[in-house]
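**Q** Per this note's numbering, the very first residue in the sequence shown carries number -17; after that it's consecutive.
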Amino acid sequence: MTRLRRHQRLSEGEQSREFKVQQLLDHGDWSQLFGLSGDLWLEIGTGKDTHIIDRASRFDGDLHVGIEQCRKKFEMTLRKAETLHCGPNLKFLHADAFDAIDPLFADNSLAGAFILFPDPWPKTRHARRRLLQSSFLTLIARKLRPGAPLEIRTDDPSYAHQALASLEEIESLLSRTGEEPWLYQPLDLGNHVETLFEKRFLSKGQPIHHFYLQKTEDVAVS
């Protein structure tokens, strides 16, 4: 017999961290939506991880937005943010990033972005769902302000190679890892916020591919 799980209602605090696209449009800009000012950081595909929560707590002068498509994982993250007493500088959107990012974020507006351990969707018929493809990464590059970082992590070697090929097509994103395509250790350990996936993979001896990119100061995104 299948055991049915009871639906947990979100508390008022948890609900306050979720925003709808129309709310942002009604408020006019992010500082009005948050009721705070600060640099805007985005994590795409938060899953049920605590990375964006930990980062929002560590860098409480910045504004943080997490986007997640899976409603179950999304609500789990809302509950974790409330349990960990995260401040008001963190909000979440339940949406498909392919659809939400362009209308929500103005060009050259993001102080930085993270894509951490996205699903590689290895089957050919699912290729369009992969985040690490040139069309989506070009979109993200357009939203980053000049000089802003983009950090990507994956444990999947084939996906790392695909990401590298896609990134090489985008002139407005420059690698910060020199001649190395990626690093197997964090570039700046002092400011590195580890994810739950990362801890699990490292405990099993699986290498992590760390990409560090930066939006160029003088090349326009086509």
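Think of the CB as a built atom: it goes at the ideal place given N, C-alpha and C, for glycine as much as any other residue.
Quick one: what's GLY48 bridged to in DSSP?
**A** GLY48 is bridged to GLU25, PHE74.
**Q** Leaving aside the five residues before and after GLU25 along the sequence, list all residues of the same chain whose C-beta is less than 6 Å from its C-beta, in chain order.
**A** Counting only Cβ-Cβ distances below 6 Å, and skipping sequence neighbours, we find ILE34, GLY48, PHE96.
**Q** Report the residue from ALA123, GLU180, ASP42 whose alpha carbon sits nearest the alpha carbon of ASP137.
**A** Among ALA123, GLU180, ASP42, the Cα nearest to that of ASP137 belongs to GLU180.
**Q** Could you pull the DSSP bridge partners for LYS197 from this structure?
**A** DSSP lists LEU155 as partners of LYS197.
**Q** With DSSP as the reference, identify every bridge partner of THR136, one or two as the case may be.
**A** Paired residues: HIS191.
**Q** If you check the beta carbons only, do ALA130 and LYS197 fall under 7 Å apart?
**A** Yes, they are a contact pair.
**Q** Among GLN5, GLY27, GLU(-6), which residue has its Cα nearest to the Cα of ILE134?
**A** With distances taken between Cα atoms, ILE134 lies closest to GLY27.
**Q** Can you check DSSP and say which residues form a bridge with GLU0?
**A** Beta-bridge pairing links GLU0 to PHE74.
**Q** Decide yes or no for the touch test of the segment 181 to 193 against the segment 154 to 168: beta carbon pairs closer than 8 Å, at least 3 of them.
**A** Yes, the segment 181 to 193 touches the segment 154 to 168.
**Q** Run through DSSP, which three-state label would ALA123 get?
**A** Three-state result, ALA123: helix.
**Q** Name the residue from ASP21, PHE16, LEU146, GLN4 whose alpha carbon lies nearest to the alpha carbon of HIS76.
**A** The option with the nearest alpha carbon to HIS76 is GLN4.
**Q** Can you check DSSP and say which residues form a bridge with ILE34?
**A** In the DSSP output, where bridge partners are listed per residue, ILE34 has none listed.
**Q** Exposed or buried, what is GLY29 when buried is set at 16 or more other beta-carbons lying within 10 Å of its beta-carbon?
**A** So GLY29 counts as buried.
**Q** Going by DSSP, what residue range makes up the alpha helix (DSSP H) through PHE96?
**A** No alpha helix (DSSP H) holds PHE96; the beta strand (DSSP E) holding it covers 94 to 98.
**Q** Can you tell which of TYR194, ASP101, LEU15 has the C-alpha that lies nearest to the C-alpha of LEU171?
**A** It is TYR194.
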